[in-house]
């Protein structure tokens with residue numbers, strides 16, 4: 020029998036759901052609202068500081084985890100939402116949604132490592 | 180092999196307020212995905228150098244970007260609340276009251292948010 024791949028994607032969905040629930044609201048608030056409107060100093064996201072974050076081992080891991088897991092969580096749910104809108108989903112569509120999340124994660128990993 | 184496919188309307192969820200809230204919660208997945216892509220672009224711009232990165236940062240201050248993030252913030256916050264609200268049902272049975280799991284979850288959001296805010300300010 021073919022092994023089910025559901026546990027893998029469900030774990031990634033769950034990890035992304037947990038991470039986005041814990042830090043998502045504040046992260047969106049800081050990078051998307053507080054810094055752009057000047058509620059906190061623009062220095063918070065200055066080139067030098069973000070460079071330091073991307074050059075640091077823990078920072079690299081954090082960046083790839085946030086981008087990768089948010090993508091796996093969001094795209095996994097989007098796949099199920101397509102079904103909620105009455106569209107019949109196919110294995111190819113599932114592969115496309117999960118594949119996009121995988122490619123995004125790969126891109127993030129490449130950007131912090133290369 | 181052809182299997183039976185029952186017709187599902189695309190608007191079934193509109194008829195019941197409970198399902199409307201469900202669909203609103205599900206809409207947060209679009210916000211989370213787009214937000215992750217914005218960060219990914221930021222990471223790419225960071226690698227291209229200071230000029231490229233500053234351009235990305237400047238684009239975040241434009242009205243449409245702030246409007247997107249304001250909507251995303253509300254949706255992601257709603258997702259965060261529901262994530263822990265249903266936690267007593269998604270976790271295996273624990274020997275603690277359901278309420279304690281929800282309260283602990285919401286407290287965890289508070290702790291993580293405070294920590295993140297503090298990290299951003301140092």
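Chains as they are written, first to last, in the working numbering: chain A, 20 to 133; chain B, 180 to 301. For every residue, glycine included, the Cβ atom is placed at its ideal position computed from N, Cα and C.
| Check | Outcome |
| --- | --- |
| What in chain B is Cβ-close to residue 117/A, meaning under 9 Å? | Going along chain B, no residue has its Cβ under 9 Å from residue 117/A, so there is no contact; the nearest lies around 13 Å. |
| Write down the C-beta distance between residue 40/A and residue 258/B rounded to the nearest angstrom, noting that I regard them as a contact closer than 8 Å. | 6 Å |
| Roughly how many angstroms separate the alpha carbons of residue 63/A and residue 240/B, rounded to a whole number? | 14 Å |
| Cα separation between residue 130/A and residue 222/B? | 7 Å |
| Quick one: list the residues of chain A neighbouring residue 225/B, beta-carbon separation under 7 Å, in chain order. | 69, 70 and 73 |
| For chain A, check one thing: does any of its Cβ atoms lie closer than 8 Å to the Cβ of residue 182/B? | no |
| Residue 286/B to residue 280/B, Cα distance in whole Å? | 10 Å |
| Taking the Cβ atom as the reference point for each residue, do residue 117/A and residue 94/A lie within a distance shorter than 8 Å? | yes |
| Starting from the Cα of residue 92/A, find the closest Cα among 35/A, 24/A, 22/A and 30/A and give me that residue. | 35/A |
| Leaving out five residues on either side along the sequence, give the residues of the same chain with a beta carbon under 6 Å from the beta carbon of residue 89/A. | 35 and 39 |
| Helix or strand or just coil, what does DSSP make of residue 258/B? | helix |
| Measuring straight from C-alpha to C-alpha, what distance separates residue 277/B and residue 283/B? | 10 Å |
| Which same chain residues end up closer than 8 Å to residue 199/B when comparing Cβ atoms and leaving out the 5 residues on each side of it in sequence? | 192 and 193 |
| List the residues of chain B that residue 121/A touches, going by C-beta distances under 8 Å, in chain order. | Result: empty, since nearest Cβ-Cβ is about 13 Å, beyond 8 Å. |
| Counting only Cβ pairs nearer than 7 Å, list the residues of chain B close to residue 64/A. | 236 |
| Taking the C-alpha atoms as reference points, what is the distance between residue 19/A and residue 271/B? | As displayed, chain A neither begins before 20 nor continues past 133, which places residue 19/A out of reach and without an answer. |
| Please decide whether residue 262/B counts as near chain A, where near means a Cβ-Cβ distance under 8 Å. | yes |
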